[in-house]
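Input: a single structure, listed below in structure tokens.
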Amino acid sequence: MRGTAFHERTKLLNASTAWFGWGEYIIPDIYSSLERELLAIRSTVAAIDMSPLPKLDIHGKDALSLVNSLVTRDLTKQKQGQAVFTPLCNDAGKLICDGLVFLLDQNHLRVVSDENFEWFQMNAGSLDVSITNTTHLYGVLSLQGPWSKSVLEAVCDRPIDAFNFSSIRHRTIADVQVMVVRQGFTGEHGYELWVDVEKGPVVWDAVMAGGGDFGIEPAGEYAVDVARVESGFVLISADYTGAGPDRQSSNIIVDDSHQASPYEMGFGKFVDLTKSNFMGRDSLLEEHNAGQTDRAIAGLVFDAESLREIYKSTEANPNISSRVRWTPLSVVENGHPVGRATSVTWSPTLKRVIGFGV
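See below:
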């Protein structure tokens with residue numbers, strides 16, 4: 001395990017000494033407390049190290065053709081300088097993963113998702129492309145919260161205006177060139193700052209100094225994970241199993257029976273069946289025309305009183321999970337399994353135990 005572009009700064013702030021393993025990296029899990037960090041995300045602004053996000057850079061005259069053949073959205077309808085959220089499926093219509101495609105220029109795309117290098121290599125064939133794992137080249141500092149734009153305005157060389165969701169811009173922070181992406185995984189207004197790894201500490205220092213007047217706080221993976229569940233965002237491995245050949249970046253044992261289609265995970269609006277040809281289209285068209293899926297995902301809110309009674313009657317530990325539960329719980333009705341509960345967690349914002357039902 002190794003640190004990220006911001007590790008020399010985050011390790012000094014991690015009072016809890018709790019770390020989270022993500023792929024081959026470690027990032028802070030909790031700096032001070034879940035409640036304080038989640039409150040910053042929801043009410044002021046939080047600085048979050050998202051550098052371990054797996055990244056592939058795809059260059060060449062066939063780069064757009066390759067990526068477009070493997071995603072369910074039509075990238076030819078999108079503008080350069082956009083980050084496009086899309087599912088990726090296998091031929092059976094099961095999710096390889098979901099993620100973002102950065103349209104950097106006509107011959108250069110960046111895929112930000114779970115690990116999928118082998119999947120892209122398998123499908124490149126004779127196309128004129130080069131595929132490079134660039135995870136180690138960039139630090140990604142995410143600013144999430146209502147005051148995130150104000151912090152950027154304070155530290156960037158130029159204003160952050162006319163900056164729609166999923167747009168990509170380039171700015172300078174403390175004499176460092178930064179790619180700014182209007183994105184996030186918390187349900188709040190936010191941005192991702194992409195920086196060459198060796199410049200990470202410089203950008204971190206500038207952002208934390210400029211954010212002081214806006215109540216900026218560092219937030220760890222635990223707070224981000226709770227925020228994404230509160231906002232209804234599903235996560236590969238936690239809520240479904242990827243169907244691709246690559247080893248998933250989560251450090252948990254996954255179950256192949258939890259593979260799912262985009263429709264089952266609530267991604268149906270991101271499947272463009274008017275697009276003539278892409279991996280999984282025939283299977284997805286058949287599923288769409290059937291008008292129903294084998295299963296569907298829904299938000300869950302657990303009844304606290306019932307939970308207390310269950311734990312009391314079984315004398316079990318009432319701590320249902322010390323963090324977001326990435327291993328599913330069986331959902332039983334009249335003694336028969338009917339599904340599973342995923343990403344179960346205590347929500348400090350809602351003051352309830354929540355999760356997803358699949």
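Mapping of the sequence shown onto full-length UniProt numbering: position 155 corresponds to residue 155, and the numbering continues sequentially without gaps.
Even for Gly, the Cβ is constructed at its ideal location relative to N, Cα and C.
Note that the coordinates shown come from a computational prediction; the quantities given were computed from them, not determined experimentally.
Helix, strand or coil for T72 per DSSP? coil
If I follow the unbroken beta strand (DSSP E) through K149, where does it start and stop? From DSSP, K149 is part of no beta strand (DSSP E) but of the alpha helix (DSSP H) over 148-155.
Suppose contacts are defined by Cβ-Cβ distances below 8 Å. Is V224 in contact with V203 by that definition? no
Which residue or residues does DSSP assign as beta-bridge partners of D49? L141
From this set, G145, G190, D246, G266, which residue's C-alpha is nearest A298's C-alpha? G266
From which residue to which residue does the alpha helix (DSSP H) around P201 run? 200-210
Is DSSP giving L38 helix, strand or coil here? helix
Between the CA atoms of I131 and D57 - distance to the nearest angstrom: 6 Å
Return the first residue and the last residue of the alpha helix (DSSP H) that E8 is part of. 7-13
Return the chain-ordered list of same chain residues with a C-beta closer than 7 Å to the C-beta of G119, the five sequence neighbours on each side being excluded. Note that residue 119 corresponds to Trp in the displayed sequence, not to Gly. The answer, listed in chain order, is I96, G244, P245, D246.
Buried versus exposed call for V229 [16 or more other C-beta atoms within 10 Å across all chains shown]: buried
Kindly provide the ranges of any beta strand (DSSP E) runs that are 3 or more residues long and lie completely inside the stretch 86-143, ordered along the chain. 95-105, 108-112, 130-133
Of the listed residues D205, G93, Y311, P87, nearest to V155 (C-alpha basis): D205
Comparing the CB of A223 with every heavy atom of the ligand MN, is any distance shorter than 7 Å? In the structure shown, the ligand MN is absent, as is every other ligand, since no ligand is present at all.
Closest to Y222 by C-alpha separation, out of A5, R110, M1, A46, would be which residue? A46
Is it buried or exposed, V140, if we count other Cβ atoms within 10 angstroms and call 16 or more buried? buried
For V224, report the span of its alpha helix (DSSP H) as first-last. 221-230
On a Cα-Cα basis, can you pick out the residue from G268, S142, L307 that is closest to H288? G268
What residues match up with K55 in a beta bridge as DSSP calls it? V112
Helix, strand or coil, according to DSSP, for E305 in the structure here? helix
Reduced DSSP category for A83 - H, G, I as helix; E, B as strand; rest coil: strand
Once the 5 residues before and after R158 are set aside, which same chain residues still bring their CB inside 7 Å of it? R171
Taking the alpha-carbon positions, what's the H59 to V101 distance? 13 Å
Rounded to the nearest angstrom, what separates T135 and Q248 at their Cα positions? 14 Å
Pick out whichever of L284, P146, E264, S33 has its Cα sitting closest to the Cα of F356. E264
Sheet register partners of R182 (DSSP bridge): The partner list for R182 (beta bridge, DSSP) is empty, contrary to what the question assumes.
Would you list the one or two residues that DSSP bridges to S167? Q82
Cutoff 7 Å; reference F270; Cβ partners in own chain excluding five residues on either side: T72, R73, F85, T86, P87, P262
Which partner residues of Q177 appear in the DSSP bridge assignment? T172
How is the alpha helix (DSSP H) around E287 delimited, first residue to last? 281-290
Give me the residue from T44, E333, K79, H108 with the minimum Cα distance to G212. T44
Quick check: what's the CA-CA separation for I354 versus E286? 33 Å
For W346, which of K312, P146, L307, G339 has the nearest alpha-carbon? L307
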